[in-house]
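> Residue numbers for the sequence shown follow this note's numbering, beginning at 114 and rising by one. Ideal placement from N, C-alpha and C gives every residue a C-beta, glycine not left out. All of these numbers come straight from a predicted model, not from anything done at the bench.
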Amino acid sequence: ENFLLKSFSEVVRYSTFYKKFDQNLLEIEKLRSEQISNEIIKSENKELKALIEDYSLTRNKILAKVIVDHNSPFLKSLIINKGSKDNLKIGTNIYDKNYLVGKVIEVNYRTSRVLLISDLNSNLPITVTPGEIQAIITGDGKNNGIIKYVKGNYSDEIENKSIAYTSGSGSIYKSGIPVGRIEVSKDEVVKMIKVNFYSNFDQLKYVFAEIEDKENKSLVT
């Protein structure tokens, strides 16, 4: 009988030990998750602070968060958390810091859809420097643009690693916005000219919308 009581006591003791052990493991895992979450929040806050400081003196740009990313072979667009209540409208230019991302093509009260310049349906008038050569590029559906038209047949004068920026032609985009760097490749028959965009559209979490309200002095998150 004493043996049975002792065995039962040992079982209870070990059972209690393992129960506490499992609880400790759960608490450690919970602490790890909280620590990781805190680190992510700190990182995002640091990134957001840097973005705000970059534009603290820019009165006509507001900060927007990317809430939906539509990436497919046929559509390159973003949904951002700013809309008509924030003075956005169709045609509003959208930036990744100083670089052009695209333009607003749909506006709701609280959200807007942005067509990226990498979309197949995007047509972007640019100037290539050196040479001040006028051209039009269209997106390739990835992270590059393809030059489909060069004004005055100056395509042979476009040099590798030249800089492309918006020309402002057609009043589609504001002029002088950096877009990307030229990459020229040749084979025996065809000369291919593409633009490697400065921005990585797959990594966008925040963008800037350039609004016409010149009196807006704050950045809205």
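(1) Might you give, ordered along the chain, the residues of its own chain that have their beta carbon closer than 6 Å to the beta carbon of K189, omitting 5 neighbours on each side?
(2) When you compare each of P238, D269 and F314 to E296 by their alpha carbons, which one comes out closest?
(3) In three-state terms, what does DSSP make of V139?
(4) Report all residues from its chain with a CB closer than 8 Å to the CB of R294; omit the five preceding and five following residues, and keep chain order.
(5) For the stretch 255-272 and the stretch 213-227, state whether three or more C-beta atom pairs, one from each stretch, are separated by less than 8 Å.
(6) For S225, report the span of its beta strand (DSSP E) as first-last.
(7) Give, in chain order, every unbroken run of the beta strand (DSSP E) that is at least 3 residues long and sits entirely within the stretch 284-324.
(8) Name the residue from K299, Q316 and S284 whose alpha carbon lies nearest to the alpha carbon of T205.
(9) Leaving out five residues before and five after S288 in sequence, what residues of the same chain have Cβ atoms less than 7 Å from its Cβ?
(10) Using only the alpha-carbon positions, how far apart do I175 and T240 sit?
(11) N194 and R223 - do their beta-carbons sit closer together than 8 Å?
(12) Using a Cβ-Cβ cut-off of 6 Å (strictly less than) and excluding sequence neighbours within five positions of E305, which residues of its own chain qualify?
(13) According to DSSP, is E270 part of a helix, a strand, or is it coil?
(14) Using only CA atoms, which one of I271, I249 and I180 lies nearest to L191?
(15) How many whole angstroms separate the CB atoms of I249 and N236, which I take to be in contact at a CB cut-off of 8 Å?
(16) So what does DSSP say about D232, is it helix, strand or coil?
(17) Quick check on this structure: which residue in S197, L139 and A177 has the alpha carbon closest to the alpha carbon of K318?
Let me spell this out:
(1) Looking up residue 189 in the sequence shown gives position 76. Closer than 6 Å at the Cβ level, and outside the excluded window around K189, lie L229, S231 and D232.
(2) Here the question's residue 296 lines up with position 183 in the sequence shown. Comparing Cα-Cα distances from E296 to each of P238, D269 and F314, the minimum goes to D269.
(3) Here residue 139 corresponds to residue number 26 of the sequence shown, with the count starting at 1. The sequence given here places Leu at residue 139; Val does not occur at that position. Helix, per DSSP.
(4) Locating residue 294 in the sequence shown gives position 181, counting from the first residue. Excluding sequence neighbours, R294 sits near K274, S275, I276, A277, V308, N309 and Y311.
(5) no
(6) Indexing the sequence shown from 1 puts residue 225 at position 112. Note, S225: beta strand (DSSP E), S225 to L229.
(7) 291-299, 304-310 and 319-323
(8) To locate residue 205, count along the sequence shown from 1; it is residue 92. For T205, the nearest C-alpha among the options comes from S284.
(9) By one-based count along the sequence shown, residue 288 stands at place 175. Within the same chain, S288 has close Cβ partners T279, S280 and G281.
(10) As a working note, residue 175 is residue 62 in the sequence shown. As a working note, residue 240 is residue 127 in the sequence shown. Distance between the alpha carbons of I175 and T240 is about 26 Å.
(11) Numbered from 1 along the sequence shown, position 110 holds the residue referred to as residue 223. Numbered from 1 along the sequence shown, position 81 holds the residue referred to as residue 194. Result yes, Cβ atoms of R223 and N194 sit closer than 8 Å.
(12) Position 192 of the sequence shown, counting from 1, holds the residue named residue 305. The sequence given here has Met at residue 305, not Glu. Result list for M305: S298, in chain order.
(13) Residue numbering aside, residue 270 sits at position 157 when the sequence shown is read from its first letter. Three-state DSSP puts E270 in a helix.
(14) One-based indexing of the sequence shown puts residue 191 at position 78. Nearest option by C-alpha distance: I180.
(15) Position 136 of the sequence shown holds residue 249. Position 123 of the sequence shown holds residue 236. Contact holds; Cβ gap of about 6 Å.
(16) Your numbering for residue 232 matches position 119 in the sequence shown. Note: D232 maps to coil in three-state DSSP.
(17) Taking the first residue of the sequence shown as position 1, residue 318 is located at position 205. Nearest C-alpha to K318: A177.
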